[in-house]
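In what follows, a single structure is set out as structure tokens and then discussed.
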Amino acid sequence: MQILPHFTNGQDIQQLLICISVFTICWNLENIYGVTKDYKKWGHDFNNALFVIPGFILQLVLGYLFIKILLIENSHQVGVLHYFSLDSTLEQLIGTFIFLDFTYYIYHFLMHKVKLVWPFHAVHHSDTVLNVSTSLREHPVETCIRLGHYMLAACFLGPAFWIVTLHQFVQIISKIVIHSNFRLPEKIDKYLSYVILTPNMHHVHHHYVEPYTDSNYGDLLSIWDRMFGTFTYLDRHEVIFGLDKTIERSLKFKDLIKLPFNDKTL
29 MQILPHFTNG QDIQQLLICI SVFTICWNLE NIYGVTKDYK KWGHDFNNAL
79 FVIPGFILQL VLGYLFIKIL LIENSHQVGV LHYFSLDSTL EQLIGTFIFL
129 DFTYYIYHFL MHKVKLVWPF HAVHHSDTVL NVSTSLREHP VETCIRLGHY
179 MLAACFLGPA FWIVTLHQFV QIISKIVIHS NFRLPEKIDK YLSYVILTPN
229 MHHVHHHYVE PYTDSNYGDL LSIWDRMFGT FTYLDRHEVI FGLDKTIERS
279 LKFKDLIKLP FNDKTL
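When we follow the numbering used here, the leftmost residue of the sequence shown carries the number 29, and every step to the right adds one.
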């Protein structure tokens, strides 16, 4: 079974280039329309970009394993989608997106509520300036947990491989946009938030005090937060990013890696 082509096919390369383009566009728009101006953007973003190094290695290793398992599943038609005979492209597409979005909501909720794993997720939340680079700021331990959860959820379903890559592509674009340091016009943002996660909605999630930090857990859709009572909306001018316990700190990459093990207040 050839795995390498799945890392190097034209569609994946196109999606990667689109993600890089969206990231670059949003990064430059922040220079013009950014909400926060009084910070050293290059230094801040370089610090967050360093998380790409361990993240890339883990994605490569676990991604290889994930692709291998999923291709075996596909060849034997294993998974809940096949069990319920949801074999049409549209059924698989809708079923996969809804299920993976719901399981991400649960995963994100647990990352906040389970004390053992919260310190690792807190590294992401400790950023006192939210911008596109914050989407890269993920502790390697959380990367393993997140990818492990995603692999289990996707393998449980057994969707076509291209649907999984499409979902990941949409997920990455969404994460870039919702972490950007600019906001949509308030009315547009509010209307969109009835269905999908919006920048302001996620910015509220990054507000430094509870209960706002423990709200708006959604990934692509906002329906789960509304359904389970975790939806919160706050005037965008009231949002202050970071954590109440680390808000005064300006931590470097090496300190952020050690933070979950050293800071007992998290």
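Yeah, the Cβ is synthetic: ideal placement off N, Cα and C, and Gly gets one too.
All values derive from a computational prediction rather than experimental measurement.
Original post:
Ile46 to Val205, Cα distance in whole Å?
Top reply: 13 angstroms
Original post:
Given that a residue counts as buried once 16 or more other Cβ atoms are within 10 Å of its Cβ, and exposed if not, what is Tyr111?
Top reply: exposed
**OP:** Taking Glu166 and His152 to be in contact with their CB atoms under 8 angstroms, please state how far apart those CB atoms are, rounded to whole angstroms.
**Re:** 6 angstroms
Original post:
Going by Cα to Cα distance, which pick from Ile251, Asp242, Lys273, Leu175 is closest to Ser221?
Top reply: Ile251
Original post:
With which residues is Tyr249 paired in a DSSP beta bridge?
Top reply: Reading the sequence as shown, one finds Leu at residue 249 and not Tyr. Answer is Ile224, bridged to Leu249.
Original post:
Is Val160 closer than 8 angstroms to Glu266 when the C-beta atoms are compared?
Top reply: no
Original post:
Cβ atoms of Phe269 and Asp155: under 8 angstroms apart, would you say?
Top reply: yes
Original post:
How close, in whole Å, do the beta carbons of Leu164 and Asn76 come, if the pair is a contact with beta carbons under 8 angstroms?
Top reply: 5 angstroms
Original post:
Helix, strand or coil: which one does DSSP assign to Glu276?
Top reply: In this prediction, Glu276 scores a pLDDT of 48, lower than 50, which makes its location untrustworthy; no coordinate-derived value is stated.
Subject >> Cut-off 6 angstroms between Cβ atoms - residues of its own chain near Phe148, not counting five sequence neighbours on either side >> reply: His167, Val169, Glu170, Pro288
**OP:** Can you give me the start and stop residues for the alpha helix (DSSP H) that Thr131 sits inside?
**Re:** 117-141
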